[in-house]
Every structure is written in C-alpha cells, then in structure tokens.
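To keep things clear, I will list the structure first and then write my remarks on it.
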Amino acid sequence: MDKIKIAIIGAGSAVWSSRIIIDLLLTEDLSKSKLILMDINEERLNLIYDFSRRYISELKVQYCVEKTVDRREAIRDADFIINSAMAGGHFYYEKMREISEEHGYYRGINSVEWNMVSDYHTIWGYYQFKLAMNIARDIEELA
0 MDKIKIAIIG AGSAVWSSRI IIDLLLTEDL SKSKLILMDI NEERLNLIYD
50 FSRRYISELK VQYCVEKTVD RREAIRDADF IINSAMAGGH FYYEKMREIS
100 EEHGYYRGIN SVEWNMVSDY HTIWGYYQFK LAMNIARDIE ELA
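Heads up: the sequence shown begins at 0 in numbering that gives the first Met the number 0, then just goes up one per residue.
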C-alpha cells in the first residue's frame, strides 16, 4: 500500500488514542504512513506524541508521526481522518455539569446508561454536533 496520511483529531485522550495508535502501528499494510496527532491541549498532545514515538521505536516500524494544535493543518491532504474530539476539551463536560447543578439541573441519583434524567447530554450534544460539523467542513475543503 502507498504511504497514506492519517489524522487523529482530539488525540489527547491517553487511553483511547494510545489504543488506536497501537492498532495502527501494528497494521503492516499501513507501514511507512504518516500519522498526524491533533489536540487543543498541548500537554495531553505531547503525552500521546511521546508515547507514539517510543512505541514506533520499540516496534521498529517505519512510521512518521507529527503533532499539531491546528486542526486544519492536521486535516490538509489527509487520506483518513479519525475524529475523537470532545467539544471544549477534556474537562468541559464536568465544568458544564457543575454549572448546570448550580442552576438547578440534577442528574439523578440512579443515573445509569440510557437513563435520561438530565439535560447534560442535550446541552453538551449541541456543542459536540457543532464541532463535528466544523470538522466535516474542514474535511470537505482540505482533504
């Protein structure tokens, strides 16, 4: 397979990104590809970037890995784009929950999967959808 460019938008998730990066690096057909890691949080981005570099070295695979905080730069000419970004960054959801509860919203004591006792997901979903649409527009223009 020819060298391809893979962009991961929202790459700052230590658990999720490390697992997907391991899977990509272990896929022989993707050897010599270019992986672009993008996140708005430079500290988290640097952690994943360093992990990627170490893992490439340990596996002795041919892979180019780069990092950026510029979403459009990551998307430009990419063959594949993986969007795992959370609107507002990693801690936004908890901050939104705190503010909501200060104003009377309550998620319920028995909040479990599919238990819609709060509006957090609706409120957060608007920003998540808006981010996804902006990323899609960038992909249309740049990739």
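Quick reminder that beta carbons are idealized off the backbone N, C-alpha and C, glycines included.
Buried or exposed, going by whether 16 or more other CB atoms sit within 10 Å of the CB of residue i?
{"i": "VAL14", "result": "exposed"}
{"i": "SER30", "result": "exposed"}
{"i": "SER51", "result": "buried"}
{"i": "LEU25", "result": "exposed"}
{"i": "GLY103", "result": "exposed"}
{"i": "TYR125", "result": "exposed"}
{"i": "ILE35", "result": "buried"}
{"i": "ILE98", "result": "exposed"}
{"i": "LEU58", "result": "exposed"}
{"i": "SER146", "result": "No answer is possible for residue 146: it lies beyond the span of the chain, which begins at 0 and ends at 142."}
{"i": "LYS66", "result": "buried"}
{"i": "SER32", "result": "buried"}
Could you tell me whether the Cβ atoms of residue i and residue j are closer together than 8 angstroms?
{"i": "ILE8", "j": "ILE134", "result": "yes"}
{"i": "VAL64", "j": "LEU44", "result": "no"}
{"i": "SER17", "j": "ILE39", "result": "no"}
{"i": "ASP137", "j": "ARG96", "result": "no"}
{"i": "MET37", "j": "ALA73", "result": "yes"}
{"i": "ALA142", "j": "ALA77", "result": "yes"}
{"i": "ILE3", "j": "PHE79", "result": "yes"}
{"i": "TYR54", "j": "ILE20", "result": "yes"}
Determine the extent of the beta strand (DSSP E) in which residue i is found, giving its start and end residues.
{"i": "PHE79", "result": "79-82"}
{"i": "LEU44", "result": "First-last for LEU44: 41-58, but that is the alpha helix (DSSP H), not the beta strand (DSSP E)."}
{"i": "ILE5", "result": "4-8"}
{"i": "MET37", "result": "33-37"}
Which two residues bound the contiguous alpha helix (DSSP H) that contains residue i?
{"i": "ALA13", "result": "13-25"}
{"i": "MET95", "result": "91-101"}
{"i": "ARG70", "result": "70-74"}
Can you tell me which of the options puts its alpha carbon nearest to the alpha carbon of residue i?
{"i": "ASP143", "options": "GLN127, ILE20 and TYR62", "result": "Residue 143 lies beyond the range of the chain shown here (0 to 142); nothing can be said about it."}
{"i": "GLU139", "options": "ARG75, SER56 and GLY87", "result": "ARG75"}
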